[in-house]
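Single-structure report; data block below.
As structure tokens, then:
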């Protein structure tokens, strides 16, 4: 048992992080992801494999969360693909490795289709391109499949929350390491340093639970109640870390644009995911149903 | 990323359970350790010539977890095999390794750590126990405390001052002490719950030169190896797992209406313990030989301790008040003991403040496990 990501997953993180760092301030999460050059590969060839498994999507969304990038569009694209282009989930990492090995850039093909569709107002063309021809004309999901799609959606949202939490900690630590109060760096005051560290522990516990649930999905084991549980832990961590960064900045934390952006982004999370309290309750109800 | 034990780890766990099953219910701990040692299961990460199997720390971790879950005093295993054995393996002389390691791996010899003192606490540089040269050996005097399972042990690894330097980290040395030798007295420290602590008074205890472990005055550098695995949190993890199991049994026995109100808390406990377990295994799996990264280790120890405390707090606040008078299932007794013991989990093995300090100064905070 370990938490080591493989080389391709690290490469994916690096690529998205680099894109995030250089993207325009108003760029959306989808814009950031689009610039990586991966979108061509999102739609599998018939009989092929998904490029990104749930865990890889989580890695992408964490980077976008760290940049507080708007996430609605990219989550919509992911869900669209989850419903319409699901294929070979267990072998997704192999497809990612192939991408990483080849360093391919995105030509215009299905990439454009996905982008156009994701940007709204576009319908799938008829006749469909070869890679989509094998897909059913309409996606009809039974209750269990719908629930599974919703759970995976919750997992990637939880990953976004992890990114927000992480950036809050980074900004708080940077500030606390630089600012001197009463002759010592703020970070050396236990009241500050330990608060940041507790946030880091919460974040890592939440992220580990999230990754395990996401990897389970990729290995064919439904996340089930673990999806709302992971979301509850990740959103709670984001909220705690957002409060922490404001506290570390003091009065400046209520006006510093970066801190305010982080605080607002974290504060908006429960609106999308539900509150941690509600999510734990949902997880409990589903666990109880399993216990009988 | 691997979510489950790898096949060799799973096989070791199965072997441990097989040996313990053969001993029947509630076996004597010494017999259990000896039986496990006979199968080379106590120190699987030691080289074969010293009674191990030449495996890794991650394999040892799987054995540690299995022992803890079977209710064996995993602390004894942890302190003897890891806390005392690994410094000998890494820094000991050939003669020391040949003399002590096969005994430790066989389960016939238990050992203690004598590191802390009443005024030192978690700051192990503040010790006042001293060793002064005496012919070809040393004489040691002082008072060590917060030692576990000391009366069971034949030897102890003891930190002492052998010199004073400008740096408080210099001038500390480690010696092996015969606990049955003259000048050693052991007293229990009264305690609310859990394994008792002991105070060990060393009154002019004579040791020979070959009792020195590692370089003279440089004992501080050895301490991460001595306490590293303890701080990995495996003993706390198995407490968290056992307490969660007891809480789960109590929860499952509740009427449906009560369970509906508490199910979210139960899942939260499960989530925390599962995540802490993954962190603890990651520490062992990412070790460089016997050395673990101190920041990752800090995360794992804190995570296990906090998860265990969260489970017991839930039990104390929500479950135990629901126990009917006269209803005395085993799980209630486990939970009552757990509630009393839980506060210690962020105190012993290095107070949580030490771990929080390490994490707060982490170079890439929040990215440790990515």
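Protein chains in written order, with my numbering: chain A, 222 to 513; chain B, 33 to 402. Even glycine gets a Cβ: it sits at the ideal position worked out from N, Cα and C.
Taking C-alpha atoms, which residue in B:212, B:208 and B:279 lies nearest to residue 240 of chain B? Locating residue 240 of chain B in the second chain gives position 208, counting from the first residue. If we check each option's Cα against that of residue 240 of chain B, B:208 comes out closest.
Excluding the 5 residues preceding and the 5 following residue 102 of chain B in the sequence, name in chain order all residues of the same chain whose CB lies nearer than 8 Å to its CB. Translated into the one-based positions of the second chain, residue 102 of chain B becomes position 70. Result list for residue 102 of chain B: 48, 49 and 52, in chain order.
Could you spell out where the beta strand (DSSP E) holding residue 229 of chain B opens and where it closes? Within the second chain, the letter at position 197 stands for residue 229 of chain B. Where residue 229 of chain B is concerned, the enclosing beta strand (DSSP E) stretches over 229-240.
Tell me whether the region 267-277 of chain B and the region 228-243 of chain B touch, counting them as touching only if at least three CB pairs, one residue from each stretch, are closer than 8 Å. no
Taking the alpha-carbon of residue 342 of chain B as reference, which of A:374, A:463, A:423 and A:375 has the nearest alpha-carbon? As a first step, residue 342 of chain B must be located in the second chain, where it is residue number 310. The shortest Cα separation from residue 342 of chain B among A:374, A:463, A:423 and A:375 belongs to A:423.
Anything in chain A within Cβ reach of residue 292 of chain B, meaning under 7 Å, just list it in chain order. The sequence position of residue 292 of chain B within the second chain is 260, counting from 1. In chain order: 509.
Inside the region 296-360 of chain B only - alpha helix (DSSP H) runs reaching at least 4 residues: 326-346
When DSSP labels each residue in this structure, what does residue 198 of chain B get in the three-state scheme? The residue you call residue 198 of chain B lines up with position 166 of the second chain. Three-state result, residue 198 of chain B: coil.
Does the beta carbon of residue 429 of chain A come closer than 8 Å to any beta carbon on chain B? Here residue 429 of chain A refers to the residue found at position 208 of the first chain. Yes, because at least one Cβ of chain B sits closer than 8 Å to the Cβ of residue 429 of chain A.
Residue from B:62, B:377, B:225 and B:335 whose Cα sits closest to the Cα of residue 183 of chain B: Numbered from 1 along the second chain, position 151 holds the residue referred to as residue 183 of chain B. Taking only the C-alpha atoms, the option nearest residue 183 of chain B is B:62.
Do residue 331 of chain B and residue 223 of chain A come within 8 Å of each other at the CB atom, strictly closer than that value? Numbered from its first residue, the first chain carries residue 223 of chain A at position 2. Numbered from its first residue, the second chain carries residue 331 of chain B at position 299. Not in contact: residue 223 of chain A and residue 331 of chain B (Cβ atoms no closer than 8 Å).
Could you check the C-alpha separation between residue 483 of chain A and residue 389 of chain A for me, to the nearest Å? On the first chain, position 262 is the one that residue 483 of chain A refers to. On the first chain, position 168 is the one that residue 389 of chain A refers to. Taking the straight line from one Cα to the other gives about 7 Å.
Bridge partners for residue 63 of chain B per DSSP, in chain order? Within the second chain, the letter at position 31 stands for residue 63 of chain B. Residue 63 of chain B pairs with nothing; no bridge assigned.
Report yes or no: do three or more beta-carbon pairs, one from the region 346-365 of chain B and one from the region 381-390 of chain B, lie closer than 8 Å? no
State yes or no: is the beta carbon of residue 278 of chain A nearer than 8 Å to at least one beta carbon in chain B? Locating residue 278 of chain A in the first chain gives position 57, where the first residue counts as 1. No, residue 278 of chain A lies away from the interface with chain B (no Cβ there is under 8 Å from its Cβ).
Would you tell me roughly how many angstroms separate the C-alpha atoms of residue 73 of chain B and residue 190 of chain B, rounded to the nearest one? The sequence position of residue 73 of chain B within the second chain is 41, counting from 1. The sequence position of residue 190 of chain B within the second chain is 158, counting from 1. Roughly 26 Å between the two C-alpha positions.
If you measure between the beta carbons of residue 119 of chain B and residue 83 of chain B, is that distance less than 8 Å? Position 87 of the second chain, counted from the start, is the residue given in the question as residue 119 of chain B. Position 51 of the second chain, counted from the start, is the residue given in the question as residue 83 of chain B. In this structure, residue 83 of chain B does not lie closer than 8 Å to residue 119 of chain B by Cβ.
Does the Cβ-Cβ distance between residue 285 of chain A and residue 257 of chain A come in under 8 Å? Along the first chain, read from residue 1 onward, the residue named residue 285 of chain A stands at position 64. Along the first chain, read from residue 1 onward, the residue named residue 257 of chain A stands at position 36. No. Outside cutoff.
Three-way DSSP call (helix, strand, coil) for residue 400 of chain B in this model: Here residue 400 of chain B refers to the residue found at position 368 of the second chain. Residue 400 of chain B: coil per DSSP, three-state reduction.
Consider the Cβ of residue 331 of chain B: report whether some Cβ of chain A lies at a distance smaller than 8 Å. One-based indexing of the second chain puts residue 331 of chain B at position 299. Taking Cβ atoms only, chain A reaches closer than 8 Å to residue 331 of chain B, which makes this a yes.
Give me, in chain order, the residues of the same chain whose beta-carbon lies closer than 7 Å to that of residue 390 of chain B; leave out the 5 immediate sequence neighbours on both sides. Stepping through the second chain from its first residue, residue 390 of chain B is reached at position 358. Here the set comprises 326, 327 and 330.
Is the beta carbon of residue 386 of chain A sitting closer than 8 Å to the one on residue 462 of chain A? Along the first chain, read from residue 1 onward, the residue named residue 386 of chain A stands at position 165. Along the first chain, read from residue 1 onward, the residue named residue 462 of chain A stands at position 241. Yes, Cβ-Cβ distance for residue 386 of chain A and residue 462 of chain A is below 8 Å.
Considering residue 209 of chain B, what are the terminal residues of the beta strand (DSSP E) in which it resides? Within the second chain, numbered from 1, the residue matching residue 209 of chain B stands at position 177. Its beta strand (DSSP E) spans residues 204-210.
Where the region 440-458 of chain A meets chain B: residues whose CB sits under 8 Å from a CB there: 440, 446, 447, 450, 451, 453 and 454
Residue 415 of chain A CB to nearest chain B CB: under 8 Å? Your numbering for residue 415 of chain A matches position 194 in the first chain. Interface residue, yes.
First through last residue of the alpha helix (DSSP H) which encompasses residue 95 of chain B: For the purposes of this step, residue 95 of chain B is taken as residue 63 along the second chain, with counting starting at 1. Per DSSP, residue 95 of chain B belongs to the alpha helix (DSSP H) from 89-101.
Using only CA atoms, which one of B:282, B:131, B:161 and B:35 lies nearest to residue 361 of chain B? For the purposes of this step, residue 361 of chain B is identified with residue 329 of the second chain, where counting begins at 1. Selected option, being the one with the closest Cα: B:282.
Please confirm whether residue 107 of chain B and residue 267 of chain B have their CB atoms less than 8 Å apart. Residue numbering aside, residue 107 of chain B sits at position 75 when the second chain is read from its first letter. Residue numbering aside, residue 267 of chain B sits at position 235 when the second chain is read from its first letter. Yes. Within cutoff.
Which residue or residues does DSSP assign as beta-bridge partners of residue 165 of chain B? For the purposes of this step, residue 165 of chain B is identified with residue 133 of the second chain, where counting begins at 1. Residue 165 of chain B pairs with B:170.
Is there a Cβ of chain B sitting closer than 8 Å to that of residue 236 of chain A, yes or no? In the first chain, residue 236 of chain A corresponds to position 15, counting from 1. No, because no Cβ of chain B sits closer than 8 Å to the Cβ of residue 236 of chain A.
On the three-state DSSP scale, how would you describe residue 177 of chain B? For the purposes of this step, residue 177 of chain B is taken as residue 145 along the second chain, with counting starting at 1. Three-state result, residue 177 of chain B: strand.
Under 7 Å by beta carbon: chain A residues contacting residue 400 of chain B: Looking up residue 400 of chain B in the second chain gives position 368. Residues of chain A passing the Cβ test: 425.
In terms of alpha-carbon separation, which member of B:365, B:372 and B:81 lies closest to residue 345 of chain B? Counting from one through the second chain, the residue named residue 345 of chain B turns up at place 313. It is B:372 whose Cα lies nearest to the Cα of residue 345 of chain B.
Residue 385 of chain B - containing alpha helix (DSSP H), residue span: Numbered from 1 along the second chain, position 353 holds the residue referred to as residue 385 of chain B. First-last of the alpha helix (DSSP H) with residue 385 of chain B: 384-392.
For the 8 Å Cβ check, are there 3 or more pairs between the region 462-474 of chain A and the region 390-404 of chain A? yes
Output needed for residue 140 of chain B: all residues of its chain with C-beta closer than 7 Å, excluding positions within five of it in sequence on either side, in chain order. Sequence index remark: in the second chain, residue 140 of chain B carries index 108 (1-based). Closer than 7 Å at Cβ, skipping near neighbours: 66 and 69.
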